[in-house]
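Residue numbers (full-length UniProt numbering): 1 to 328. By construction, the Cβ of each residue, glycine as well, lies at the ideal position given by its N, Cα and C atoms.
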């Protein structure tokens, strides 16, 4: 079921209203529930309510621990004690109402619980009832109807929006059946809820209150996932293999780096050794050359080494021209 988008835009002006402060005029005739969200609205702001004298007065009670619209450190209206409730107007605490008394939409807390409320109260936080009592069609009832018995059902449409801003309707159906049952809207009788994996048409038909898009009951969305022991075993084995794999990888990398460094140093040592051998060979060659020159010089008889000529075959010099000029 789709609602036209213009219907929502037409209500924007009304939604943004409700900003009258303390002492300013208001009208209780304009009090209403907003279409689509069914949230209570009046002409006063979040700190006041529209009193019977048609002026905004300070709220006399609150439902939330941290109400909206208050500044940090502000004084809140008190919360109602046990056995009483704070109505949507939040004007004053009122005693809980007995069965068949009027109540406001989805305000199960406004109704008195049955004597065996502990056995009927919802314990799975799905909001099926409050202390075994429910408000169906604005009438207080007890959620104690057994399987096959006639029951009362209430279908409330809520407007929801998708990722692309498409507008759809989510219908919430409630009844006064015991836990584990639901009130069929066609037969108006309590029927046993279906288990996980069974076919369903609405959330209320499942024990988990979660009918998947596949048409079968699914687990509670906020329930933690439970895995088998083999998953933990695989995770432990994976962690151990990962640790050993990391250690082996580091060892292999360090070994490769060490071998490369060793090869580089060995190459450097070889080059230095070859250079040293070349220098040694060069020194030996030079020494051998000098010794061979000395041994080739023959010593004259009766002369010492100091009397030997430096040159083995002296080159004769030409006579000076000055000498011949003087003789002439």
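query, result
"Where residue 223 falls, given that 16 or more other Cβ within 10 Å makes a residue buried", "exposed"
"Whole-Å CB distance - residue 41 paired with residue 156, under 8 Å assumed", "Going by Cβ atoms, the distance from residue 41 to residue 156 rounds to 17 Å, so no, they are not a contact pair."
"Cβ neighbours of residue 185 in the same chain (closer than 8 Å, five flanking residues each side left out)", "153, 155, 173"
"Identified DSSP bridge partners for residue 44", "20"
"Beta-bridge partners of residue 97, as assigned by DSSP", "111"
"Three-state secondary structure (DSSP) of residue 254", "helix"
"Boundaries of the beta strand (DSSP E) in which residue 57 is found, first to last residue", "56 to 58"
"Residue 127, DSSP secondary structure in three states", "coil"
"Which residues DSSP lists as bridging residue 136, in chain order", "139"
"Between the CA atoms of residue 34 and residue 141 - distance to the nearest angstrom", "25 Å"
"Start-end ranges of the beta strand (DSSP E) lying completely within the region 188 to 254, minimum 3 residues", "190 to 192"
"Closest Cα partner of residue 206 within the set 217, 280, 212", "217"
"Under 9 Å between C-beta atoms of residue 196 and residue 183", "no"
"Outcome for residue 236 when other beta-carbon atoms lying within 10 angstroms are tallied against a minimum of 16", "exposed"
"Per-residue DSSP class, three states only, for residue 105", "coil"
"Beta-carbon proximity of residue 61 to residue 77, cut-off 9 Å", "yes"
"Exposure label - residue 19; buried when at least 16 CB within 10 Å", "exposed"
"Residue 29, DSSP secondary structure in three states", "helix"
"Proximity winner among 32, 279, 48, 275, relative to residue 91 (alpha-carbon distances)", "48"
"Nearest-angstrom Cα separation, counted from residue 177 out to residue 85", "24 Å"
"Inter-residue Cα distance where the pair is residue 245 and residue 259", "21 Å"
"Residue closest to residue 100, alpha-carbon to alpha-carbon, out of 139, 70, 107, 54", "139"
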